[in-house]
Structures are given as structure tokens and as C-alpha cells.
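K.L.:
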Amino acid sequence: MSAPPLPGLATPARRAAILLALAAAALVVLGASLAIGSIDVGVSAILHALRGDTTDTASAIVRELRLPRALAAFAVGALLALSGALMQVLLRNPLADPYILGISGGAAVGALGAMLAGAASLVTPAALVGALASTGLVFTLARAGIDRAPWTSTRLLLTGVVVAAGWGALIALMLTMAPDARVKGMLFWLIGDLGGTVLPAPALAVLAVALAGALAFARDLNVLARGEHVALALGVAVERTTLALCALAALATAAAVTTAGSVGFVGLVVPHALRLVIGNDQRLLLPASALAGGALLVAADTLARTVVAPVQLPVGVITALVGVPVFLALLSRGRT
Amino acid sequence: MDAAVRLACRGLELAIGSRTLVADLDLEVRAGECWAIVGPNGAGKTTLVATLAGLRAPASGEVAYDGIPLAQLGPRERALIRGYLPQDSVDFFPATVLETALIGRHPHLGRWQWESGADIERARDALRAFGLEGFGARDVRTLSGGERRRLALAALVAQDPEILLLDEPSSHLDLGQQIAALGVVTTLARERGKAIVMVLHDLHLALRFADYAVAVGGGRARPGTAAEILTASTLSELFGHRLARVGDGTASTFVPS
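Those sequence lines, one after another, are chains Z and Y. Under the numbering used here, the first residue of the first sequence carries the number 18, and numbering increases by one thereafter. Under the numbering used here, the first residue of the second sequence carries the number 8, and numbering increases by one thereafter.
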């Protein structure tokens, strides 16, 4: 028995269809990213390689290089899109992105500092420390008013923008002082790159935690999207919820940035574009953003390593090249 | 009549910065009563109704719902008892009219629960009551100011609280819509025993719909029956301008003389 369609409300069947379609798209893109590259691998060879019952070079490439990289790309894209969707609602600003509170700047200062010191093994932990330090700094400063004012989205936003500008200055300083041999690696990190040694498990684990946590508050987010007063009046513990979800979004962003550097535009464009198509019900938008963001970054990374092969582009170049025109097109439709 | 006291405040003092807006207000609003808050701009009407809604803390004193002090009620428990209509609403994101009316059901649903058919029916009834049937699939950002106001009222009615606190419910509405919309709201008091407190700028609406009134101005708030408060002499003093009552019965108002 299916309920009759109701104008103005997505039926459960439609919601399921949207999520299934996005999951199918993600699977197709993941499959393609395993097949395409310096050596093209067929479908049956991929399946054999994934089952681990072949030992030839193609299987090794699929299992040891392409699969971890594709999974990492999926996790990073999903984390960024999820974090962007959360930030847009929490700051009541459809143009917010995961980096708006200065998280990527803090991570970049940590990562570039490690590169500058020549400590390659410390790049990832330093990025994580930088991301968390920046988040803590923004939340502390946003509240450090005359009367310990409560967190408001405007204060968080302004503090984040200013702190991000500060990180930007430090990044520019480090790039200027870096020896030429190190600058390319630093630039790749800043643009966002999945070419390095990639371990997808931590990012995938954070994705599972962040998505579950965000979904538990999805209806509260629907209410928060209508403003703090409306949310307070309808029984949402606004300050506590905002703080918890900002922390969750920061964790997601930190995991993404630590894995791949600051890949741009996924976190801004994916939730924004999806919202125009499927509406702003967070119970649907959050999982849909994660699936679409993941699929998009897998596709972008596959392009990045094949389009001008053997040269590998940083994936952030592709997302920016795709993201800028898409975003301008969305803006010109006048429905932001 | 001896209906239950739904909303009460004792020794309520409201201040913004160092300015006292209201000193020592005692108020009891019973089930089935309609109260109007009247007064000049900046007197503290919005502050008073937001404090009664528990959205801001008073400088001193206490607000209670059904005899329970607000301090003992969590945000969700409060939302099940009282509804609040803010003066203005801003739409940051796209949403359909039906989704927006359904927001009122939020406190009634568990964390993982979706709106049931009964919730949807309630929201649609509320939209119908405010003349918004057939608007369900419209994007809220395409509505006129008056339509958005009626939608916000519909969401409040869908919430179905026992205490309704409304900040200028008639703003953006034309004369006909004002009478129709406030008619719907006050019928909830007359027929279903809801307790209603609304900030009203239009004195003709206060005269028509309110049983009781609170005059806010000059650093104090004076509650009383409509007959006591909504008089030419009290209001002339309150607004700092000589007012005269014109018309008769429900169709009357005050005009500057």
C-alpha cells in the first residue's frame, strides 16, 4: 500500500528512489575508477582482483593502488559534502562551505609546517592538529565577548572568516620561505590531492560516525534552518545542538583535509545543487549529499589521474574547474 | 468561571541594558482567555511576549505554565505546552508550504520518527483554516508577505499548544485577512480552551478580539479586563496622544483626535 502523492511532500518511495539512484551512481563511478588508468582492467578482472583470487599486475594495481585511492576519494567527497550541508544550515547561509570556520587553513599551516621541516611522516598528524586547533580557536574566540555572549551563527561566521584570513597569511609566508624543491608538494596539498600514500579506513570511519550523528539531528536541523527563534520556540536546544553539530562538521572536515588536503567546491556546490533539486529536508539532503559528494570526488580523481596522463593533476584542480561554472550557473538561476 | 490558570508570571521584571521596560508584573492567563498586549513602539511588548514564551530570561521574577516554573521545563516540554509566533520570519532555504506547516509538529515527534498521516492531516487542516489550501507545493519564498504570515500562523496551529503567544499576528495582513486570521486564532480559545496572548498594534483588533489587555509603556505593564484597559483615557496616556473611540460594539477603534 503506497500513500497517495501529496503536493509539497516527498513520498517515502520518492526519497528511497533518490537515495538508491545516488548510491547506484556512486557504485558505477567507483567501478569505473577501478577500471580506468594506465592499464585498463575489465569488469571480470576487477571482480577477480577484489575477491583476491588473482595475483597478476593488473590485480595488484586494482587492489593496492586504485581501490584504496577510490575509497579515500569517496570518503573525502562525502565528508566534505556532509560538512558543507551542515555548515549551510547551522550558519543559515546557503553559500557556507566546510572551510568557512578556518578549518582548512589551520590544517594547511600544520601540514605545510611539517613539509617545510622535512618531516613527511608528520604531515598528516600535523594537519589534524592544525584543523582541531583552528576549530577550538574559532569557538573560543567567538564566545570571548564582554559578557560571554552565547554562540550565534553570525559571531561564529565572522570569527571563522577572520581566523581563516590569519591562516592564509601564515600559508603565504611559508610558501615564500620554502625552498623551491618543496613548493610543488606544498601547492598540491593546498589544492587537494589524493596522489600520496592513501589509507581510506580512518576517513571512512569518520564518515560513518559523522553521518549517523548528523542524521540523529536531521529534523532539528530542519527546524534550525528556519531561524534560531523558531527553533527555540519549537523545543530545539539551539545552543547545544549548534555547538555539537559544528563540532561534528569540523571533525568531518578535519578527516577530509587530513586525507586529501583542501579540496575545494565539493562541500559548497554539492549540497547547494542537491537542495535545488530535492528540497531542504535534511533527513534526505544529508545522506544524498554524502553519496553525491563521494561519487563526484571519485569521478574527479579518476579524471585527475587520467586526463593528461602520465602527469597526475591534483584533484582540487578538477573540482574547481567543474565547480566554478556549475556554481555560477546555479547563481544565475537566481534560486540560491 | 473558574478555568485553570495556564500561564502565570509573578514579580516579572524586564530590562534591556540598564533600561527597565516592565517592573513587577503579576499576570494570570486562564484557559479560554484572549489577552492583548498594547503599547507604543519600543515599550517592551515583544520583550514581554518573548519572556512569557521562555525565549529570554527576565531580570527577575518567574514565569510558569500550568503551575510549573519554566526553570523546571526543558525546551521540548515547553514546546508541547506553548507556541510562539515571532514578529518576523526569514526564509533562508527553499521549502514547500506543507513542509513549513509540518514544522509545527516537531516537538510531538521522537528523534527518529517521521510525520504520520495524522500529523500531515493536522498541518493541512491548519493551512485550510488560514485560506492556504492548494498552496501545499508552493515554495515559501514565492509567497507574499500576507501569505507567509498566514503560513506561520498555520504552523503554530499545527503545533497545537495549550498556550499561544503571538507577536503581532496581524502584521502584513489586509483588513479582511486580519479579521479572518484572528477569528481562527481566537476561536481556539472560545471553543478549545486555549490560552492566548497576542501583541496587537491595531487597536480595533484588540477591541474586537481581546477579553483582557496588558498596557505596556512608561516602564511598567498594567493588566486588566479589556473594559478597564482599552479606554480612551488609559490609551491616550499610554501613547502620549489624545485618542477618541469611534464606532460601536465590535466594530470600533481609537483614532487620534
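Just so it is clear, CB atoms sit at the ideal spot from N, CA and C, and this is done for glycine as well.
By Cβ distance, which residues of its chain are closer than 7 Å to Z/P142, with the 5 residues on each side in sequence left out?
P.N.:
none
K.L.:
For the segment 106-123 of chain Y, list every residue whose C-beta sits within 8 Å of some C-beta in chain Z, in sequence order.
P.N.:
E106, T107, L109, I110, G111, H113, P114, L116, R118, W119, W121
K.L.:
Apart from the five residues just before and just after Z/I163, which ones in its own chain have a Cβ nearer than 6 Å to its Cβ?
P.N.:
Its pLDDT being 45, under 50, Z/I163 is placed unreliably by the model, and nothing is read from it.
K.L.:
What number of angstroms, rounded off, separates the C-alpha of Y/S122 from the C-alpha of Z/V179?
P.N.:
Here the sequence assigns Glu to residue 122 of chain Y, which means Ser is not the residue at that position. Their backbone Cα atoms lie some 41 Å apart in a straight line.
K.L.:
Are Y/T232 and Y/D218 touching if we call contact CB-CB under 8 Å?
P.N.:
A Cβ-Cβ contact shorter than 8 Å links Y/T232 with Y/D218.
K.L.:
Are Z/D210 and Z/A277 closer than 8 Å when you measure CB to CB?
P.N.:
yes
K.L.:
Can you give me the Cβ contacts of Z/V155 inside the same chain, cut-off strictly under 6 Å, excluding the 5 residues immediately before and after it?
P.N.:
Taking Z/V155 as the centre and dropping the five residues before and after it, the same chain places the C-beta of L118, G119, T176, G177, V180 closer than 6 Å to its C-beta, in chain order.
K.L.:
Could you tell me which uninterrupted alpha helix (DSSP H) segments, each at least 4 residues in length, are contained entirely in the segment 72-110 of chain Z, listed from first to last along the chain?
P.N.:
The qualifying runs are 74-77, 84-107.
K.L.:
Could you run through the segment 291-307 of chain Z and flag, in chain order, every residue whose CB is less than 9 Å away from some CB of chain B?
P.N.:
Protein chains Z and Y are contained in the structure displayed, whereas chain B is not.
K.L.:
Any idea what DSSP makes of Y/A102, helix, strand or coil?
P.N.:
coil
K.L.:
Give me, in chain order, the residues of the same chain whose beta-carbon lies closer than 7 Å to that of Z/V126; leave out the 5 immediate sequence neighbours on both sides.
P.N.:
G147, W184, L187, I188
K.L.:
Mind checking whether Y/Y91 and Z/A43 have CB atoms under 8 Å apart?
P.N.:
no
K.L.:
Under the assumption that Z/A198 contacts Z/L99 (Cβ atoms under 8 Å), give the Cβ distance between them as a whole number of angstroms.
P.N.:
Contact doesn't hold; Cβ gap of about 36 Å is too wide.
K.L.:
Determine the closest residue to Z/A136 out of Z/F91, Z/L103, Z/M203, with distance taken between C-alpha atoms.
P.N.:
Z/M203
K.L.:
Using a C-beta cutoff of 8 Å, does Y/V104 count as contacting chain Z?
P.N.:
yes
K.L.:
Beta carbons nearer than 7 Å to chain Y: which residues of the segment 247-270 of chain Z have them?
P.N.:
V247, L249, A250, L251, G252, V253, A254
K.L.:
For Z/D73 and Z/A222, what's the separation of their Cα atoms in angstroms?
P.N.:
30 Å
K.L.:
If you draw a straight line from the C-alpha of Y/L172 to the C-alpha of Z/T152, how long is it?
P.N.:
38 Å
K.L.:
Can you tell me whether Z/P196 is helix, strand or coil according to DSSP?
P.N.:
coil
K.L.:
Can you pull the chain Y residues whose beta carbon is under 7 Å from the beta carbon of Z/R109, in chain order?
P.N.:
F99
K.L.:
Tell me whether Y/L172 sits in a helix, a strand or coil according to DSSP, three-state version.
P.N.:
strand
K.L.:
Tell me, please, whether the CB atom of Y/R13 is closer than 8 Å to any CB atom in chain Z?
P.N.:
So, not an interface residue.
K.L.:
Could you tell me which of Y/L28, Y/P101, Y/D126 sits nearest to Z/R292, measuring between CA atoms?
P.N.:
Y/P101
K.L.:
Using a C-beta cutoff of 8 Å, does Z/P342 count as contacting chain Y?
P.N.:
Put simply, the CB of Z/P342 is far from chain Y, with every gap to its CB atoms at 8 Å or more.
K.L.:
Who are the Cβ neighbours of Y/R252 in its own chain at under 7 Å, not counting the five residues just before and after it?
P.N.:
Counting only Cβ-Cβ distances below 7 Å, and skipping sequence neighbours, we find A239, S259, F261.
K.L.:
Establish whether the CB of Z/R236 and some CB of chain Y are separated by less than 8 Å.
P.N.:
Interface residue (Cβ-Cβ distance to chain Y less than 8 Å): Z/R236 is classified as such.
K.L.:
When the Cα of Y/A15 is compared with those of Y/L28, Y/V70, Y/T58, which residue comes out closest?
P.N.:
Y/V70
K.L.:
Can you find a CB in chain Y that lies within less than 8 Å of the CB of Z/V45?
P.N.:
no
K.L.:
Excluding sequence positions up to five away, which residues of its chain have a Cβ less than 6 Å from the Cβ of Y/R249?
P.N.:
S243, S264
K.L.:
Near Z/L139, which residues of its chain fall below 7 Å by C-beta distance, leaving aside the five closest residues on each side in sequence?
P.N.:
A131
K.L.:
Give the straight-line distance between the Cα atoms of Y/A22 and Y/L28, rounded to the nearest whole angstrom.
P.N.:
5 Å
K.L.:
What is the DSSP secondary structure of Y/S151, counted as helix, strand or coil?
P.N.:
DSSP places Y/S151 in coil when its eight states are reduced to three.
K.L.:
Could you give the DSSP three-state label for Y/I23: helix, strand or coil?
P.N.:
strand
K.L.:
Could you tell me which of Y/V204, Y/Q94, Y/G61, Y/V191 sits nearest to Y/Q79, measuring between CA atoms?
P.N.:
Y/G61
K.L.:
For Z/P304, which of helix, strand or coil comes out of DSSP?
P.N.:
helix
K.L.:
Y/I88 and Y/P168: beta carbons closer than 8 Å?
P.N.:
Contact check for Y/I88 against Y/P168 passes: the beta carbons are separated by less than 8 Å.
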